[in-house]
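Enquirer: Line by line, the protein sequences are chains X and U. Heads up: the first sequence begins at 0 in numbering that gives the first Met the number 0, then just goes up one per residue. Heads up: the second sequence begins at 0 in numbering that gives the first Met the number 0, then just goes up one per residue. Every residue, glycine too, gets a C-beta built ideally from N, C-alpha and C. Below is a structure I'd like to ask you about.
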Amino acid sequence: MRRKPGQLLDLEAQILAVAVDALVDGDPPEVHGFALAKRLADREGSQRLTSHGTLYKALARLEDADLLSSRWEDHEVAEDAGRPRRRLYRVTSAGQAALALHVTTSAANATDQAAAFGRGIEPA
Amino acid sequence: MSAWADGVARGWTDLYTGGLPSETAERRREEIRSDLFEHAAYAGTTPAHQLHVLGRVLWGIPADLSWRRAARAPRERRLATGEIMTLRKTTTALVALGALFNVWAAIGVWIGAGAEDEGDAGGARYGIPMLLAAALMIYGLSCRNEAPRRSTVLIIIGAAAPMVVFYWMAPLFVPFWLVITGLVIASEPGRRAPAPAAT
Numbered sequence: 000m001r002r003k004p005g006q007l008l009d010l011e012a013q014i015l016a017v018a019v020d021a022l023v024d025g026d027p028p029e030v031h032g033f034a035l036a037k038r039l040a041d042r043e044g045s046q047r048l049t050s051h052g053t054l055y056k057a058l059a060r061l062e063d064a065d066l067l068s069s070r071w072e073d074h075e076v077a078e079d080a081g082r083p084r085r086r087l088y089r090v091t092s093a094g095q096a097a098l099a100l101h102v103t104t105s106a107a108n109a110t111d112q113a114a115a116f117g118r119g120i121e122p123a
Numbered sequence: 000m001s002a003w004a005d006g007v008a009r010g011w012t013d014l015y016t017g018g019l020p021s022e023t024a025e026r027r028r029e030e031i032r033s034d035l036f037e038h039a040a041y042a043g044t045t046p047a048h049q050l051h052v053l054g055r056v057l058w059g060i061p062a063d064l065s066w067r068r069a070a071r072a073p074r075e076r077r078l079a080t081g082e083i084m085t086l087r088k089t090t091t092a093l094v095a096l097g098a099l100f101n102v103w104a105a106i107g108v109w110i111g112a113g114a115e116d117e118g119d120a121g122g123a124r125y126g127i128p129m130l131l132a133a134a135l136m137i138y139g140l141s142c143r144n145e146a147p148r149r150s151t152v153l154i155i156i157g158a159a160a161p162m163v164v165f166y167w168m169a170p171l172f173v174p175f176w177l178v179i180t181g182l183v184i185a186s187e188p189g190r191r192a193p194a195p196a197a198t
C-alpha cells in the first residue's frame, strides 16, 4: 500500500526518536549507523539489529526528506581512533516536527480505534 | 576467529553498488564498512556474531535492491534529458531514414524490373527482402524501450539489407551500416552512462 506524503513508517519514526534523544541528551548529538541500530534494538528490548539494507535505506529516505542531516566524521578523528570514519546523523527541525506529528496522529488513531472497539462490544 | 560474514557483507555491498554513480556507491560502502567495524568492536567476531551479521545482510537484500533501483533513477532521468537523448534522436532519425530508403529502393527495383520485362521475377527477389528489412528496422524502433537488445539486433540486421541485396554496391552501403550499428549500440536504452565525477 502506498503511504501518504509526509507519513512516517514505524522504523522511520523510531530512528527519528533515537536521533531526537541523542540531540536532547547532547553527548554526542549525532549518531552513526551502527549506534542507531543498537539503540533501536535496545528500545525494543531485542538483541536483533535492524538489517543493513533496511536501516540505510530508511536513513537515505529520511535524509532525502530533510528530516535528517548527515556528515562524514573528520578523517583525523577516525584515524586517531583506529577505525573507519563514521557517517554521523542529526535530526533536523523538520524531523522533530514530523516526529511530533506522527506521535500525535498515532495517539489519535489509537484513541479512535479504542473508541470504535468499545462501541463494537457494547450490548445492543 | 575469521570474520567471514563481514566479508560476505562487503562483497554483497560491492555487488549491489556496482555501476552506480561513484559518490553514491562509495558512501554506501563506507557506511557498511563502518557498521561492520563498530558491530565487531561491540560484539566481537564469534561464530554467533558472524551469523548475526549474515542475518542482517540477508534480511536487508530486498531493501538493498530497492535502494539500488532508486539510486539509479537520477541516471535514467539524465539519460532521458541529456546528451544520450540527442544520440537517441539522431539514431532514430537515421534508422527511420534507412527504413524509408529500403522501402523506396524496394518499390523502385520492383516496379523498375517489372517495367522492363513483365516475366522478370528479379524485382520481387530484390524488393521483398528490402521491404522485410524496412519492417525489421521500423519494428526495432517501435520496441526500443521495451526490448532494447532485440531492437538493436533487428535494426542492425535491417540496415545490413541493402549491402547484402545489392552486394555489387556494398562499398556504398557499408559506411552507412557501420554508422547505424555504432549509434544503435551506443544509444541502446539501459546502456551504462559514464558516472559523474565525485564532488
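Could you run through the segment 78-112 of chain X and flag, in chain order, every residue whose CB is less than 9 angstroms away from some CB of chain U?
Expert: Within the segment 78-112 of chain X, the qualifying residues are Arg-82, Pro-83, Arg-84, Arg-85, Arg-86.
Enquirer: What is the DSSP secondary structure of Ser-1 of chain U, counted as helix, strand or coil?
Expert: Coil at Ser-1 of chain U, not helix or strand.
Enquirer: Just to confirm my understanding: we take Pro-188 of chain U, look at its own chain, exclude 5 residues before and 5 after, and list those with CB closer than 6 angstroms. What are they?
Expert: Hits under 6 angstroms: Asn-144, Pro-147.
Enquirer: Determine, using beta carbons only, whether Arg-32 of chain U comes closer than 8 angstroms to chain X.
Expert: Chain X, which has a Cβ nearer than 8 angstroms to the Cβ of Arg-32 of chain U, makes this yes.
Enquirer: Are Arg-89 of chain X and Trp-71 of chain X closer than 8 angstroms when you measure CB to CB?
Expert: Not a contact, by the Cβ cut-off of 8 angstroms.
Enquirer: Can you tell me whether Arg-86 of chain X is helix, strand or coil according to DSSP?
Expert: Strand at Arg-86 of chain X.
Enquirer: Going by other Cβ atoms of all chains shown within 10 Å of its Cβ, with 16 needed for buried, is Met-168 of chain U buried or exposed?
Expert: Looking at its Cβ environment, which holds fewer than 16 other Cβ atoms inside 10 Å, Met-168 of chain U is exposed.
Enquirer: Among the candidates U:Val-183, U:Phe-172, U:Leu-57, U:Ile-127, whose CA atom is the shortest distance from the CA of Arg-149 of chain U?
Expert: Of the candidates U:Val-183, U:Phe-172, U:Leu-57, U:Ile-127, the one whose C-alpha sits nearest the C-alpha of Arg-149 of chain U is U:Val-183.
Enquirer: Give the interface partners of Leu-66 of chain X over in chain U, defined as CB-CB distance under 8 angstroms, in chain order.
Expert: In chain order: nothing, as chain U lies at least about 17 angstroms away.
Enquirer: For my contact list, Glu-11 of chain X and Ala-21 of chain X are in at a C-beta cut-off of 8 angstroms; report their separation, rounded to the angstrom.
Expert: The pair is not a contact, with the Cβ atoms about 16 angstroms apart (cut-off 8 angstroms).
Enquirer: Find the nearest neighbour of Ala-160 of chain U within the set U:Leu-130, U:Tyr-138, U:Ser-186, U:Val-178, judged by alpha-carbon distance.
Expert: Residue U:Leu-130 is the option with its Cα nearest to Ala-160 of chain U.
Enquirer: Mapping DSSP to helix, strand and coil, what is Arg-143 of chain U?
Expert: Of the three classes helix, strand and coil, the one that applies to Arg-143 of chain U here is coil, per DSSP.
Enquirer: Check whether the Cβ of Arg-71 of chain U lies closer than 7 angstroms to any heavy atom of the ligand ZN, and answer yes or no.
Expert: Within the structure as shown, the ligand ZN is missing, as the structure has no ligands at all.
Enquirer: Got a sec: which bits of the segment 30-53 of chain X sit with their beta carbon under 9 angstroms from any beta carbon on chain U, in order along the chain?
Expert: Taking 9 angstroms as the Cβ-Cβ cut-off against chain U, the residues of the segment 30-53 of chain X that qualify are His-31, Gly-32, Phe-33, Ala-34, Ala-36, Lys-37, Gln-46, Arg-47, Leu-48, Thr-49, Ser-50, His-51, Gly-52, Thr-53.
Enquirer: Tell me the residue span of the beta strand (DSSP E) that contains Leu-67 of chain X.
Expert: Leu-67 of chain X -> beta strand (DSSP E) spans 67-71.
Enquirer: So is Gln-13 of chain X buried or exposed if we call it buried at 16+ other beta carbons inside 10 Å?
Expert: Under this definition Gln-13 of chain X is a buried residue.
Enquirer: Val-30 of chain X lies in the alpha helix (DSSP H); which residues open and close that run?
Expert: Element bounds for Val-30 of chain X: n/a, residue is neither H nor E.
Enquirer: Taking the alpha-carbon of Ala-96 of chain X as reference, which of X:Leu-66, X:Ala-109, X:Pro-83, X:Asn-108 has the nearest alpha-carbon?
Expert: Of X:Leu-66, X:Ala-109, X:Pro-83, X:Asn-108, the residue nearest in Cα terms is X:Leu-66.
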